[in-house]
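The next block holds one structure in the form of structure tokens; read it before the comments.
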Amino acid sequence: MNRSKQLYYLQQLDSKIDRAQARIAEIKALLGADEVLQKAVKREEAVKHVLEEKRKALNKAEHEVEDQQIEIEQKTSRLYGGRVTAPKELEDLQQKVASLKRYLGVLEERQLEAMLEVDEAKDVHTEAAQSLEEVRAEREAQHEELSTEQANLRAKIEASYEERPSHLPDILPEDLQLYEELRKSRAGIAVAAANDQSCAACGSRIPSAIYQIARSPSQLTQCSTCKRILHGR
Ligand SMILES: [Zn+2]
Numbered sequence: 056m057n058r059s060k061q062l063y064y065l066q067q068l069d070s071k072i073d074r075a076q077a078r079i080a081e082i083k084a085l086l087g088a089d090e091v092l093q094k095a096v097k098r099e100e101a102v103k104h105v106l107e108e109k110r111k112a113l114n115k116a117e118h119e120v121e122d123q124q125i126e127i128e129q130k131t132s133r134l135y136g137g138r139v140t141a142p143k144e145l146e147d148l149q150q151k152v153a154s155l156k157r158y159l160g161v162l163e164e165r166q167l168e169a170m171l172e173v174d175e176a177k178d179v180h181t182e183a184a185q186s187l188e189e190v191r192a193e194r195e196a197q198h199e200e201l202s203t204e205q206a207n208l209r210a211k212i213e214a215s216y217e218e219r220p221s222h223l224p225d226i227l228p229e230d231l232q233l234y235e236e237l238r239k240s241r242a243g244i245a246v247a248a249a250n251d252q253s254c255a256a257c258g259s260r261i262p263s264a265i266y267q268i269a270r271s272p273s274q275l276t277q278c279s280t281c282k283r284i285l286h287g288r
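Counted the way the numbering used here counts, the sequence shown spans residues 56 to 288.
Written as structure tokens, this is what we have:
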């Protein structure tokens, strides 16, 4: 049995688990981050509020025009109704009607402006609502994709954990202990391949004698720089 080779296999399995777990953490963050959606929701709410305000303003302008028209009608029927006969009063009424009609023009102009503003606000709101819908749809698709990936990763991790104990009987207890210690202190990588007589983990040159040990099935050696167990191939 090759001591470093067994550890090297274990390392590959553990690294696979580590990578899957790191990606799961990434996915969790992605699933939780919804700034873009929140921004789209807030924008839609804000422009909807503007639209409501513009509608209220239009409603008010319409009522003002109506009230003005009613008043003009009332004054006009008094003017021509025959019940008022005094010339001074008739003249006053006539002037009043003329003045009311002039102001009706102003009010109608305001109503028209309010209508245009409502139309404009409607367009802005339609655009914001569509954009929100798009963001929602995109987010849903992304959620589905990420959830599927997450489920696949979990299955992979589970399979790796099931496979892991089968490697352990071939490893000497002291080798396993060294491996676990290095995993903790060397960012998860305890075993490095020795390629072309250099350490694949830190790149340091490995003297020939050490390289020979790294290739030996019965002995174990470590990189003099990063202290990782070397597996010569
Ligand atoms: Zn090294």
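Heads up, the beta-carbon is just placed ideally off N, CA and C, and yes, glycines get one too.
Using three-state DSSP, classify residue i as helix, strand or coil.
| i | result |
| --- | --- |
| Q277 | strand |
| V139 | coil |
For the alpha helix (DSSP H) that contains residue i, what are its first and last residues?
| i | result |
| --- | --- |
| G287 | Here G287 belongs to no alpha helix (DSSP H); instead the beta strand (DSSP E) covers 284-287. |
| S70 | 58-87 |
Less than 8 angstroms between C-beta atoms, sequence neighbours within five positions excluded: which residues of the same chain meet that for residue i?
| i | result |
| --- | --- |
| Y64 | H222 |
Using C-beta distances below 7 angstroms, list every residue in its chain close to residue i, excluding the 5 sequence neighbours before and after it, in chain order.
| i | result |
| --- | --- |
| L34 | With the chain covering 56 to 288 only, the question about residue 34 has no answer from this structure. |
| L275 | R58, S59, D230, I284 |
| S186 | A95 |
| A277 | Rather than Ala, the amino acid found at residue 277 in this sequence is Gln. Correct list, in chain order: R283, I284, L285. |
Near residue i, what residues of its chain come up, given a Cβ to Cβ distance below 6 angstroms and the 5 sequence neighbours on each side ignored?
| i | result |
| --- | --- |
| C281 | A256, C257 |
| L92 | V190, R194 |
| A169 | A112, L113, A116 |
| K211 | A75 |
Entirely within the region 203-267 and at least 4 residues each: give me those alpha helix (DSSP H) ranges in chain order.
If we require 4 residues or more, the alpha helix (DSSP H) runs fully inside the region 203-267 come out as 228-240.
Of all the beta strand (DSSP E) runs that stay within the bounds of the region 120-208, which reach a length of 3 or more residues?
Fully enclosed beta strand (DSSP E) runs of 3 or longer: not present.
Beta-carbon distances below 6 angstroms to any heavy atom of ligand 1 define the shell here; list its residues in chain order, please.
Put simply, the residues with a CB less than 6 angstroms from any heavy atom of ligand 1 are A247, C254, A256, C257, S259, C278, T280, C281, R283, in chain order.
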